[in-house]
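Heads up, the thing below is written out as structure tokens.
2 protein chains.
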Amino acid sequence: MSEPAACIPLEKLLPTELFKALGDPNRIAILCDLCECRGGPKTVSELAAELPVDLSVVSRHLGVLKRARVLDAERNGKNVQYSVRAGDLVAILRSLADAIESCCPASKPTETETRTGPAEPGSVSQP
Amino acid sequence: MSEPAACIPLEKLLPTELFKALGDPNRIAILCDLCECRGGPKTVSELAAELPVDLSVVSRHLGVLKRARVLDAERNGKNVQYSVRAGDLVAILRSLADAIESCCPASKPTETETRTGPAEPGSVSQP
DNA sequence: ACTTCACTTGCATTCTGAGACAATTGTGCT
DNA sequence: AGCACAATTGTCTCAGAATGCAAGTGAAGT
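These protein sequence lines map, in sequence, to chains A and B. In terms of the working numbering, the first sequence opens at residue 1 and continues consecutively. In terms of the working numbering, the second sequence opens at residue 128 and continues consecutively.
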């Protein structure tokens with residue numbers, strides 16, 4: 001019996017807040033920046049230097065990411081060091097993947113609609 | 128050497144579109160609905176019956192999820208059956224988790240800020 | 001104490017996105 | 001062809017989010 005009996009309930013694993021936080025290009029850029037190899041924590045100024053928006057905006061984005069449990073903040077003198085909560089994040093992503101897998105046994109990647117262009121809802125079958 | 132040499136670049140693995148698609152409660156509800164054990168594909172009407180919004184809105188949400196490669200659509204007579212692209216989704220989540228883990232070796236879950244209340248950006252060190 | 005630097009927050013503006021309703025398209029049936 | 005049903009799309013409105021600028025807060029140096 002290599003088949004798990006029931007599927008893992010998804011509702012508890014899908015925090016809208018997290019995805020909403022990751023749904024902005026600038027916030028994604030921040031996350032990528034902080035995830036760079038051996039990058040370690042960075043300050044708001046350092047992160048803002050890489051982005052095309054005002055520092056205050058970056059500060060707000062960091063607040064959103066922090067509320068969503070994506071980042072961690074720690075004061076260090078005059079600066080605030082932001083870092084990725086990698087452990088938590090990885091755990092969430094893994095358990096989410098497990099849950100989806102457990103609920104949808106037919107896990108066949110790239111079966112339909114794998115051509116180049118994206119498909120609109122209406123273009124299910126084009127004439 | 129159980130340590131990978133370099134970290135996996137995150138930029139390519141973080142599609143803003145996907146997270147934006149998952150950043151809406153109704154879309155999450157749709158995903159959960161479609162992920163229910165042995166649920167199989169469902170039509171727009173069936174999905175709309177579970178949601179407090181108009182059918183047209185559900186159709187649009189399905190379009191967003193489809194564009195984000197979360198769902199798959201297939202016409203079946205008068206109906207359109209929507210199903211979860213579980214394989215792709217699981218693969219994306221897993222490779223994302225791997226990438227984050229590879230970039231941030233200090234994966235210590237729930238280290239700081241793990242109390243009940245959320246923390247604002249300004250409340251790094253409270254007096 | 002005063003100044004400076006780093007960051008946060010208040011406020012106004014702009015823009016995106018969700019939602020409802022109506023109209024249209026697509027499919028099957030008689 | 002004509003009708004009925006399913007789904008998509010057009011259009012409008014409204015709420016929430018992103019942004020910039022200015023003002024406020026906190027910490028360190030002089």
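Just so you know, even glycine gets a beta-carbon here, dropped at the ideal spot from N, CA and C. Please read these numbers as outputs of a predicted model, since none were measured by experiment.
Do the CB positions of residue i and residue j come within less than 8 Å of each other?
{"i": "B:Val207", "j": "B:Val171", "result": "yes"}
{"i": "B:Cys231", "j": "A:Cys35", "result": "yes"}
{"i": "B:Val191", "j": "B:Ala156", "result": "no"}
{"i": "A:Gly212", "j": "B:Phe146", "result": "Residue coverage of chain A in this structure runs from 1 to 127, which leaves residue 212 of chain A outside it and unanswerable."}
{"i": "A:Leu10", "j": "A:Ala99", "result": "yes"}
{"i": "A:Ala68", "j": "A:Val58", "result": "no"}
{"i": "B:Glu173", "j": "A:Ala86", "result": "no"}
May I ask which residues mark the beginning and end of the alpha helix (DSSP H) holding residue i?
{"i": "A:Leu22", "result": "Thr16 to Leu22"}
{"i": "A:Ile28", "result": "Pro25 to Cys35"}
{"i": "B:Lys193", "result": "Leu182 to Arg194"}
8 Å is my cut-off, CB to CB: does residue i come that close to chain A?
{"i": "B:Leu220", "result": "yes"}
{"i": "B:Ser252", "result": "In this prediction, B:Ser252 scores a pLDDT of 40, lower than 50, which makes its location untrustworthy; the coordinate-derived value is nonetheless stated afterwards. So yes, B:Ser252 belongs to the interface."}
{"i": "B:Ala133", "result": "yes"}
{"i": "B:Leu137", "result": "yes"}
{"i": "B:Thr243", "result": "Only weak support is given to the placement of B:Thr243: the predicted model assigns it a pLDDT of 38, under 50, and the value that follows is read from those uncertain coordinates. Cβ-Cβ to chain A under 8 Å: no for B:Thr243."}
Since residue i is in the beta strand (DSSP E), which residue starts that stretch and which ends it?
{"i": "A:Asp72", "result": "Leu71 to Asn76"}
{"i": "B:Val171", "result": "From DSSP, B:Val171 is part of no beta strand (DSSP E) but of the alpha helix (DSSP H) over Val171 to Ala176."}
{"i": "B:Val211", "result": "Asn206 to Val211"}
Under 7 Å Cβ-Cβ, which residues of chain A neighbour residue i?
{"i": "B:Gly150", "result": "Thr16, Phe19, Lys20 and Gly23"}
{"i": "B:Leu182", "result": "Near B:Leu182 there are no residues of chain A at all, since even the closest Cβ is about 12 Å away, more than 7 Å."}
Who are the neighbours of residue i on chain B, taking C-beta pairs under 9 Å?
{"i": "A:Glu50", "result": "Simply none; closest approach about 12 Å."}
With a cut-off of 8 Å, does the C-beta of residue i fall near any C-beta of chain B?
{"i": "A:Glu46", "result": "no"}
{"i": "A:Ile30", "result": "no"}
{"i": "A:Thr112", "result": "Residue placement at A:Thr112 cannot be trusted, given a pLDDT of 43 that sits under 50; what the coordinates show is reported in the next sentence. Answer yes: the Cβ-Cβ gap between A:Thr112 and chain B drops below 8 Å somewhere."}
Which residues in chain B have a C-beta closer than 8 Å to the C-beta of residue i? List them in chain order.
{"i": "A:Ile100", "result": "Cys162, Val211, Ala213, Leu216, Val217 and Leu220"}
If residue i sits next to residue j, beta carbons under 8 Å apart, how far is it from one beta carbon to the other, in whole angstroms?
{"i": "B:Tyr209", "j": "B:Leu223", "result": "About 24 Å; that fails the 8 Å criterion."}
{"i": "B:Leu141", "j": "A:Cys37", "result": "Their Cβ separation, rounded to whole angstroms, is 16 Å, which puts B:Leu141 and A:Cys37 out of contact at 8 Å."}
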